[in-house]
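Asker: If you read the protein sequences in the order shown, they are chains A and B. Here the first sequence stands for residues -5 to 128, numbered as in the numbering used here. Here the second sequence stands for residues -5 to 128, numbered as in the numbering used here. Backbone N, C-alpha and C define an ideal beta-carbon position, used for all residues, glycine too.
Number of protein chains: 2
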Amino acid sequence: MISKRAKYAIKTILFINDHPELAPMSAKLISEKEHIPYKFLENILRDLKSHQLVKSVRGAEGGYTLGKDPEGISIAQIMRIVDGPIALIPCVSERYYEPCSECEDEETCRIRKLFNELRTEMLPVLERSITTLK
Amino acid sequence: MISKRAKYAIKTILFINDHPELAPMSAKLISEKEHIPYKFLENILRDLKSHQLVKSVRGAEGGYTLGKDPEGISIAQIMRIVDGPIALIPCVSERYYEPCSECEDEETCRIRKLFNELRTEMLPVLERSITTLK
DNA sequence: ATTAATCCTATCTAATTGGTAGGAATAATA
DNA sequence: TATTATTCCTACCAATTAGATAGGATTAAT
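1) Spell out whether any CB of chain B is found under 8 Å from the CB atom of residue 111 (chain A).
2) When you compare the CB of residue 45 (chain B) with every CB in chain A, is at least one pair closer than 8 Å?
3) Three or more C-beta pairs under 8 Å: does that hold for the region 82 to 91 of chain A against the region 49 to 66 of chain A?
4) Using a beta-carbon distance below 8 Å, is residue 64 (chain A) in contact with chain B?
5) List the residues that DSSP assigns as beta-bridge partners of residue 60 (chain B).
6) List in chain order: all unbroken alpha helix (DSSP H) runs of 4+ residues lying wholly within the region 68 to 102 of chain B.
7) Can you name the residues of chain A whose CB is closer than 7 Å to the CB of residue 29 (chain B)?
8) Which of the three DSSP states, helix, strand or coil, is assigned to residue 116 (chain A)?
9) Can you tell me which residues form a DSSP beta bridge with residue 123 (chain A)?
10) Can the beta-carbon of residue 105 (chain B) be found closer than 8 Å to that of residue 1 (chain A)?
11) For a quick check, are the C-beta atoms of residue 121 (chain B) and residue 68 (chain B) less than 8 Å apart?
12) What's the C-alpha gap between residue 7 (chain A) and residue 48 (chain A)?
13) Counting Cβ pairs, one atom from each stretch, are 3 or more of them under 8 Å apart for the region 17 to 34 of chain B and the region 101 to 115 of chain A?
14) Where do the ends of the alpha helix (DSSP H) carrying residue 23 (chain B) lie?
15) Leaving out the 5 sequence neighbours to the left and right, which residues in its chain are closer than 8 Å to residue 13 (chain B) when beta-carbon positions are compared?
16) Hey, would you say the C-beta of residue 29 (chain B) is under 7 Å away from at least one heavy atom of the ligand ZN?
17) Interface residues of chain A around residue 33 (chain B) at Cβ under 9 Å?
18) Residue 54 (chain A) to residue 128 (chain A), Cα distance in whole Å?
19) Output, in chain order, the set of chain B residues within a Cβ distance shorter than 9 Å of residue 79 (chain A).
20) Given a threshold of 16 other Cβ atoms within 10 Å of its Cβ, counted over all protein chains shown, does residue 76 (chain A) qualify as buried or as exposed?
21) What does residue 119 (chain B) touch in chain A if you count any residue whose Cβ is under 8 Å from its own?
22) Skipping 5 residues on each side, what residues in its chain have a beta carbon closer than 7 Å to that of residue 112 (chain A)?
23) Can you name the residues of chain B whose CB is closer than 8 Å to the CB of residue 22 (chain A)?
24) Can you name the start and end residues of the alpha helix (DSSP H) that residue 1 (chain A) belongs to?
25) Kindly list the residues whose CB is nearer than 7 Å to the CB of residue 4 (chain A), restricted to its own chain and excluding five residues on each side of it in sequence; keep chain order.
26) Mapping the DSSP letters down to three states, classify residue 55 (chain B) as helix, strand or coil.
Shown next, in the form of structure tokens:
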């Protein structure tokens, strides 16, 4: 299961992308329209900003805009920022790899092999640009 | 990420299936060979038993055997028992469905659509019989 | 000066994860 | 029959994570 944080982050990015006419978009508005607790949303936005997924404008009339071309933003990117690995076990994660403490031989581990295959199936779905979501 | 509980459960089922000559298999042996904390393993086995994935024989020389034909056991089954849903958001889970509290319209939700597609890609991998794992 | 924003640090509560403790019940076998 | 090896059961516990909330400093438009 992904966290609420991740779901909120995805909603936020989609909402900003859907409403270019309201740029820069205030956290208050996002919070109200997407039913995300305001202070929690602030945290999430800070996280997204530190990873360049959004940019901010300070002061009155300020708010957030996407940090890069929406074509280049995927759900996978957002998930990795807020939840960490996409893979379901750490020993098959590319970016967050960690060996399993009790595993005897990673090369022949059937569990690892299966979850590696699983990750391979998952990635293309999650790495599509957010602009392709309908 | 799946829990350690789930990984231990999978290892346990595979180990029992791999060693029919040691049936019934004691928790002590599984614990030692697969490096799973004994008391924790007991919990997991109880859980697997209550879902008919293993059967037990009590007393000295007792232990555990598979609760059904290994052809009929999948990683998905084990994961559902110990971790719950396979789907990454509750609103696309078949067996553990729950609506998203903040969602306005499930039918048109793009996030839901994507994660539903994701689940559809994941299931065939996880629902293969454990006997096919190499 | 006021107001509406972002930014920052810190704190809090509840649930979950990963595990442990202690012992009762059962059955093989010496 | 006593011992031993096992499953079975209830309860507890510590650390971490999830999901926020609090309070205020900073910035900029009006």
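Answerer: Taking the structure as given:
1) For this step, residue 111 (chain A) is matched to residue 117 along the first sequence. Taking Cβ atoms only, chain B reaches closer than 8 Å to residue 111 (chain A), which makes this a yes.
2) Along the second sequence, read from residue 1 onward, the residue named residue 45 (chain B) stands at position 51. It does not: the Cβ of residue 45 (chain B) has no partner Cβ on chain A nearer than 8 Å.
3) no
4) For the purposes of this step, residue 64 (chain A) is taken as residue 70 along the first sequence, with counting starting at 1. Taking Cβ atoms only, chain B never reaches closer than 8 Å to residue 64 (chain A), which makes this a no.
5) As a first step, residue 60 (chain B) is located in the second sequence; it is residue number 66 there, counting from the start. Bridge partners of residue 60 (chain B): B:48.
6) 69 to 77
7) Position 35 of the second sequence holds residue 29 (chain B). Going along chain A in sequence order, the residues near residue 29 (chain B) (Cβ under 7 Å) are 96.
8) Mapped onto the first sequence, residue 116 (chain A) falls at position 122. Note: residue 116 (chain A) maps to helix in three-state DSSP.
9) Position 129 of the first sequence, counted from the first residue, corresponds to residue 123 (chain A). DSSP, once it has assigned bridges, lists A:68 as partnering residue 123 (chain A).
10) As a first step, residue 105 (chain B) is located in the second sequence; it is residue number 111 there, counting from the start. As a first step, residue 1 (chain A) is located in the first sequence; it is residue number 7 there, counting from the start. Yes, these two residues count as a Cβ contact at 8 Å.
11) Translated into the one-based positions of the second sequence, residue 121 (chain B) becomes position 127. Translated into the one-based positions of the second sequence, residue 68 (chain B) becomes position 74. In this structure, residue 68 (chain B) lies closer than 8 Å to residue 121 (chain B) by Cβ.
12) Residue 7 (chain A) sits at position 13 when you count from the first residue of the first sequence. Residue 48 (chain A) sits at position 54 when you count from the first residue of the first sequence. So the alpha carbons of these two residues sit roughly 8 Å apart.
13) no
14) Position 29 of the second sequence, counted from the start, is the residue given in the question as residue 23 (chain B). Here the alpha helix (DSSP H) through residue 23 (chain B) covers 21 to 28.
15) Taking the first residue of the second sequence as position 1, residue 13 (chain B) is located at position 19. Correct list, in chain order: 19.
16) The ligand content of the structure shown is nil, which means the ligand ZN is not present either.
17) Along the second sequence, one-based indexing puts residue 33 (chain B) at 39. Ordered by position in chain A, no residue passes the 9 Å Cβ test against residue 33 (chain B), which lies about 16 Å from the chain.
18) Residue mapping note: residue 54 (chain A) aligns to position 60 of the first sequence, counting from 1. Residue mapping note: residue 128 (chain A) aligns to position 134 of the first sequence, counting from 1. Distance between the alpha carbons of residue 54 (chain A) and residue 128 (chain A) is about 33 Å.
19) Residue mapping note: residue 79 (chain A) aligns to position 85 of the first sequence, counting from 1. Neighbours of residue 79 (chain A) on chain B, chain order: -5.
20) Within the first sequence, residue 76 (chain A) is the residue found at index 82, counting from 1. Flag for residue 76 (chain A) reads buried.
21) In the second sequence, the residue the question calls residue 119 (chain B) occupies position 125. The contacting residues are 108, 111, 112, 115.
22) Residue numbering aside, residue 112 (chain A) sits at position 118 when the first sequence is read from its first letter. Answer for residue 112 (chain A): 82, listed in chain order.
23) Within the first sequence, residue 22 (chain A) is the residue found at index 28, counting from 1. None at all; the shortest Cβ gap to chain B is about 16 Å.
24) Taking the first residue of the first sequence as position 1, residue 1 (chain A) is located at position 7. Residues -2 to 12.
25) The residue you call residue 4 (chain A) lines up with position 10 of the first sequence. Cβ within range, chain order: 69, 72.
26) Here residue 55 (chain B) is taken as the residue at index 61 of the second sequence, counted from 1. Residue state, collapsed to three classes: coil.
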